[in-house]
Amino acid sequence: MSATRVGARSEAQRPQEAAAEDLRLGLTGVKCSATSAIMRHEEGRVARRKMRMKRLITMIVLCAATAVMAGAQILDQPVAVVRLTETVNIGQRELRQQARLLEQQLGRELTQENRRELLEAQIAEILIKQAAARDNIRVTDAEIDRAVAQQRQSLGQPVTEEQFRQIVQQQMGMSWSEYREQIRERLIQEKYVVEKRRDLLESAAAPTDREIRSFYEDNATEFTNPTMVRFKHVFIDTRNLSSDDKAARRRLAEELLRSVRNGAKTLEQLIDESDDDARFSGGDFGYLIRQESQQSQLLGRSFVNEVFDLDEGALGREVLESNVGYHIVQVTNRRSARLLQLDDPVFPGQSTTVRDQIRNHLAANNQQRAFQQAINQVVDELRQQAEVTLYEENLNW
Numbered sequence: 044m045s046a047t048r049v050g051a052r053s054e055a056q057r058p059q060e061a062a063a064e065d066l067r068l069g070l071t072g073v074k075c076s077a078t079s080a081i082m083r084h085e086e087g088r089v090a091r092r093k094m095r096m097k098r099l100i101t102m103i104v105l106c107a108a109t110a111v112m113a114g115a116q117i118l119d120q121p122v123a124v125v126r127l128t129e130t131v132n133i134g135q136r137e138l139r140q141q142a143r144l145l146e147q148q149l150g151r152e153l154t155q156e157n158r159r160e161l162l163e164a165q166i167a168e169i170l171i172k173q174a175a176a177r178d179n180i181r182v183t184d185a186e187i188d189r190a191v192a193q194q195r196q197s198l199g200q201p202v203t204e205e206q207f208r209q210i211v212q213q214q215m216g217m218s219w220s221e222y223r224e225q226i227r228e229r230l231i232q233e234k235y236v237v238e239k240r241r242d243l244l245e246s247a248a249a250p251t252d253r254e255i256r257s258f259y260e261d262n263a264t265e266f267t268n269p270t271m272v273r274f275k276h277v278f279i280d281t282r283n284l285s286s287d288d289k290a291a292r293r294r295l296a297e298e299l300l301r302s303v304r305n306g307a308k309t310l311e312q313l314i315d316e317s318d319d320d321a322r323f324s325g326g327d328f329g330y331l332i333r334q335e336s337q338q339s340q341l342l343g344r345s346f347v348n349e350v351f352d353l354d355e356g357a358l359g360r361e362v363l364e365s366n367v368g369y370h371i372v373q374v375t376n377r378r379s380a381r382l383l384q385l386d387d388p389v390f391p392g393q394s395t396t397v398r399d400q401i402r403n404h405l406a407a408n409n410q411q412r413a414f415q416q417a418i419n420q421v422v423d424e425l426r427q428q429a430e431v432t433l434y435e436e437n438l439n440w
């Protein structure tokens, strides 16, 4: 199996695009988790398709750049008018734009039923948002920070805040402040639903050992680790430097490498002397995966290939250049691709096992279903309190 699955391997090994999709889906009113990347699960193909449709619809509704604002409508054919605490007109132009985004995600045209689902999702979003504002539901900056941290952790291998911001900006097409605002809106909506249906959410069943083993046996060939190497290095950052300063850093890197190769110092001594605020830094990089696009995009494909060409225990004979700077590299471990057993770590050095990840996946499925049921109940109640007018004839285009 390729290294593009979760549960079978560390989430760090997903392609960057898949990680970005999880981030986007993580901004929806319904909690989304690593389950979106597990391609086989206990639900049938039709159920998977319907669940993906619902999640994509909710993501499009929340993340659409042209969200409807009360009192600021361009003349348009209405598809719905919603009022709980204030009137919001949903126009055909906006719905069609959201439909196009969803069609791009699905790779097909939406049916009339799909358009109605998209409209209903937007109505639900508006009702919950207005109800939460009416009931003075708030979230703190600390809660947003925790949610952002969870999103970072969902990528698997640790990434710096700068790297995470690049993923948000490049793959999601939004600024950091826009991303945090999306998180804030999602948390407010979740908090409202949780307060209204806490008992239902707390009753979600935990997966049994039999269910965990059955899931593993049904998907055993999906649980793999790819070929990877681990290395330690001395790193000299060259980002945002002039060509002259970069050349000076290159000379420093070559001088440090010579000091190791002629025996004046060991690589460990250089690492011990390194300081993140000084001329160079150093330490254990962790595992590098050849086909992991996020690492390749950050460091550069040529750098990744050069590291993989080194033998275990070997110090690079030359200074290696990546997209972010110069490296003196020594490979400390090589691991061949392998199938994982139920109690193997999903990634070397991590405490989370395949069993843990399957348990989390199945628990998240159960929580997802409970949360969707809670949302449906809350929206049904709010529709009884609200005025909602539909213009279904305008769904034909």
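Adding 43 to a residue's 1-based position in the sequence shown gives its number in this note's numbering.
Glycine included, C-beta positions come from ideal geometry on N, C-alpha and C.
Would you give the residue range spanned by the beta strand (DSSP E) that residue i belongs to?
i	result
residue 239	No beta strand (DSSP E) contains residue 239, which is instead part of the alpha helix (DSSP H) from 219-239.
residue 347	Looking at the DSSP string, residue 347 is not in any beta strand (DSSP E); the run it does join, the alpha helix (DSSP H), is 344-351.
residue 123	121-126
residue 327	324-332
residue 373	368-378
residue 280	271-280
Provide the residue span of the alpha helix (DSSP H) that contains residue i, from first to last.
i	result
residue 430	Residue 430 -> not in any alpha helix (DSSP H); beta strand (DSSP E) instead, spanning 430-433.
residue 302	286-304
residue 261	252-261
residue 180	Per DSSP, residue 180 belongs to no alpha helix (DSSP H) and is neither H nor E.
residue 131	Where residue 131 is concerned, there is no enclosing alpha helix (DSSP H), although the beta strand (DSSP E) it sits in stretches over 130-134.
residue 211	204-215
residue 311	310-316
In angstroms, rounded to a whole number, what distance separates the CA positions of residue i and residue j?
i	j	result
residue 374	residue 251	41 angstroms
residue 141	residue 244	30 angstroms
residue 272	residue 392	13 angstroms
residue 407	residue 282	40 angstroms
residue 114	residue 195	For residue 114, the predicted structure reports a pLDDT of 44, less than 50, and the residue's modelled location is therefore unreliable. The matter cannot be settled from this model.
residue 337	residue 198	10 angstroms
residue 220	residue 328	30 angstroms
residue 136	residue 161	13 angstroms
residue 326	residue 206	18 angstroms
residue 128	residue 213	36 angstroms
residue 345	residue 415	45 angstroms
residue 332	residue 377	10 angstroms
residue 308	residue 290	23 angstroms
residue 222	residue 229	11 angstroms
residue 315	residue 302	15 angstroms
residue 349	residue 288	24 angstroms
residue 422	residue 191	27 angstroms
residue 420	residue 172	15 angstroms
residue 313	residue 146	54 angstroms
residue 334	residue 353	17 angstroms
residue 22	residue 174	The first residue shown for the chain is 44 and the last is 440, placing residue 22 beyond what the model contains.
residue 304	residue 311	13 angstroms
residue 425	residue 364	58 angstroms
residue 64	residue 400	Confidence at residue 64 is low in this model, with a pLDDT of 45, below 50, so the placement of that residue should be treated as unreliable; the coordinate-derived value is given next. When rounded, the distance between both Cα atoms is 19 angstroms.
residue 412	residue 164	16 angstroms
residue 394	residue 330	15 angstroms
residue 153	residue 224	29 angstroms
Within 10 Å of its beta-carbon, does residue i have 16 or more other beta-carbons around it, so buried, or fewer, so exposed?
i	result
residue 151	exposed
residue 299	buried
residue 436	exposed
residue 134	buried
residue 132	buried
residue 248	exposed
residue 218	exposed
residue 359	buried
residue 185	exposed
residue 256	exposed
residue 123	buried
residue 296	buried
residue 284	exposed
residue 177	exposed
residue 427	exposed
Would you kindly check if the distance between the Cβ of residue j and the Cβ of residue i is under 7 angstroms?
i	j	result
residue 226	residue 187	yes
residue 170	residue 429	yes
residue 180	residue 277	no
residue 268	residue 381	yes
residue 385	residue 402	no
residue 254	residue 405	yes
residue 279	residue 368	yes
residue 158	residue 438	yes
residue 418	residue 236	yes
residue 431	residue 125	yes
residue 203	residue 379	no
Quick check on residue i - is its C-beta less than 7 angstroms from some C-beta in chain C?
i	result
residue 148	No chain C is part of this structure, which consists of one protein chain only.
Does any heavy atom of the ligand HEM sit closer than 6 angstroms to the C-beta of residue i?
i	result
residue 370	Ligands in the displayed structure: none, and consequently the ligand HEM is not present.
Notebook entry, point to check: Which residue spans inside the stretch 392-439 form an unbroken beta strand (DSSP E) run of at least 3?
Noted result: Correct list: 430-433.
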